[in-house]
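When the sequence shown is numbered by this note's numbering, its final residue is 388 and no position is left out of the sequence of numbers.
What follows is one structure encoded as structure tokens, with my remarks underneath.
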Amino acid sequence: MSAGSAPERSVVVTGRAWMFGDHMNTDLMLPISAYRVPVHERPMLVFSANRPGWAELVRPGDVIVAGENFGVGSGRPVSTVLQELGIAGIAADSVNGLFYRSAINAGLPIVACPGVTRMVTEGDRVTIDPVTGTVADITTGESLSVAPMHSELQEIVAAGGVIARLRRAGYLPPQASPAAATGGANRTARRPTA
């Protein structure tokens, strides 16, 4: 970590579990109606097609436990929107490859752990540990283990995502503040004068 950069965060998360089934499609997780509202309102529409009102019940630090092929579908930015809602991590029986990469790139801890939906009940406190490859149900004392997440992927998640990691490594310029990006003032586009 370079001087002055933000500290790395833990990739290990513990939170209240929300259960979802098999083949949860990103097109239903973030329905097309989410693209008709301002970006800051999108998190409240997550899973509205599958589980209306769910987003209002989520609290920061909650986790998702899901079935097979979680995140199948298109490359919609569901991982980022889930984080904005407060979801801290995901454990699923299996994860769609595109969604897995999207979660890592967004800095969202994720583990594919066969059998996790048989072990966890909605509302249980669950720890997702990609470092050791362990998913533990704190409520029941049960746990499952899989191969740990590769260390480079852990570093991306710990940095807060691939963009944050590239900034820390000096490959991207530091993120400009909104005021700096506009030259210190709210500027509007102007038509060229003739």
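Built from N, CA and C at the ideal position, the CB exists for glycine as well.
All of these numbers come straight from a predicted model, not from anything done at the bench.
Rounded to whole angstroms, the separation of the alpha carbons of alanine 285 and valine 310 is 7 angstroms.
As far as DSSP is concerned, glutamate 262 takes part in no beta bridge. Taking a C-beta distance under 8 angstroms as the contact criterion, glutamate 262 and aspartate 287 qualify as a contact pair. The region 247-260 makes contact with the region 201-215, as at least three CB pairs between them are under 8 angstroms. Take the alpha-carbon of proline 246 and the one of alanine 363: they are about 41 angstroms apart. The three-state secondary structure of phenylalanine 293, taken from DSSP, is helix.
Annotation for glutamate 336: the continuous beta strand (DSSP E) segment containing it runs 336-339. The C-alpha of valine 266 is placed about 18 angstroms away from the C-alpha of proline 303.
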